[in-house]
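In the numbering used here, the protein residues as written are 8 to 185.
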């Protein structure tokens, strides 16, 4: 149990978390591109892309919770929803960049399209990293640290059995707030 608490209370530094974010997110992204291509042979491409996007977002969120940001366990429903929101915002940024390119350049070449798309993806990725690190997974680290500190500071309160004579007494009367 102490190992789980130590793992939860120590979050990686920003550089390490960013490297893990790129590794996990990039790995899932590459695998997703192959999965979309394979699935698109049986389904319309848009449907295949939508399905793979949902699955890859769920997988990446789990990886980020467990590995990238050191949350110490599975991602919560709230974290999945917030991560999906940040993924949708990143998707919107890349779409907007490509739409803007189409408006500014009559017939952009493949190289220019890739430069714009990859630049927008990189910008969106950095913003998504910041959102995940500072908003989505920060509460988990704070709660884990608070819980670990409370268990260490007050071990008797968490382990003390209730005496049968006091069973009818309200818990607040047994353990007044410190």
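Quick reminder that beta carbons are idealized off the backbone N, C-alpha and C, glycines included.
* Does DSSP put residue 32 in a helix, in a strand, or in coil? -> Taking the first residue of the chain shown as position 1, residue 32 is located at position 25. DSSP places residue 32 in helix when its eight states are reduced to three.
* State the Cα-Cα distance for the pair residue 139 and residue 90, rounded to the nearest angstrom. => To locate residue 139, count along the chain shown from 1; it is residue 132. To locate residue 90, count along the chain shown from 1; it is residue 83. Between the alpha carbons of residue 139 and residue 90 lies a gap of roughly 7 Å.
* What is the rounded straight-line gap between the Cα of residue 102 and the Cα of residue 80? -> Translated into the one-based positions of the chain shown, residue 102 becomes position 95. Translated into the one-based positions of the chain shown, residue 80 becomes position 73. The alpha-carbon atoms of residue 102 and residue 80 are separated by roughly 33 Å.
* Leaving out five residues before and five after residue 65 in sequence, what residues of the same chain have Cβ atoms less than 8 Å from its Cβ? -> Numbered from 1 along the chain shown, position 58 holds the residue referred to as residue 65. Only 87 meet the Cβ criterion.
* When 69, 94, 75, 93 are compared against residue 82, the one with the closest alpha-carbon -> Here residue 82 is taken as the residue at index 75 of the chain shown, counted from 1. The shortest C-alpha separation from residue 82 is found at 69.
* Within the stretch 64-120, ranges of the alpha helix (DSSP H) (whole runs, at least 4 residues) -> Within the stretch 64-120, complete alpha helix (DSSP H) segments of at least 4 residues are found at 84-111, given in chain order.
* Between the beta-carbon of residue 59 and the beta-carbon of residue 35, is there less than 7 Å? -> Working through the chain shown from its first residue, we reach residue 59 at position 52. Working through the chain shown from its first residue, we reach residue 35 at position 28. No.
* residue 55 and residue 67: beta carbons closer than 7 Å? -> Counting from 1 along the chain shown, the entry for residue 55 is found at position 48. Counting from 1 along the chain shown, the entry for residue 67 is found at position 60. No, the Cβ-Cβ distance between residue 55 and residue 67 is not below 7 Å.
* Distance between residue 141 and residue 74 (C-alpha atoms, nearest Å) -> Here residue 74 corresponds to residue number 67 of the chain shown, with the count starting at 1. Here residue 141 corresponds to residue number 134 of the chain shown, with the count starting at 1. Rounded to whole angstroms, the gap between the alpha carbons of residue 74 and residue 141 is 16 Å.
* When the Cα of residue 95 is compared with those of 41, 135, 21, 124, which residue comes out closest? -> Within the chain shown, the letter at position 88 stands for residue 95. For residue 95, the nearest C-alpha among the options comes from 135.
* Cα-Cα separation between residue 20 and residue 119, rounded to whole angstroms -> Sequence index remark: in the chain shown, residue 20 carries index 13 (1-based). Sequence index remark: in the chain shown, residue 119 carries index 112 (1-based). Taking C-alpha positions only, residue 20 is separated from residue 119 by approximately 35 Å.
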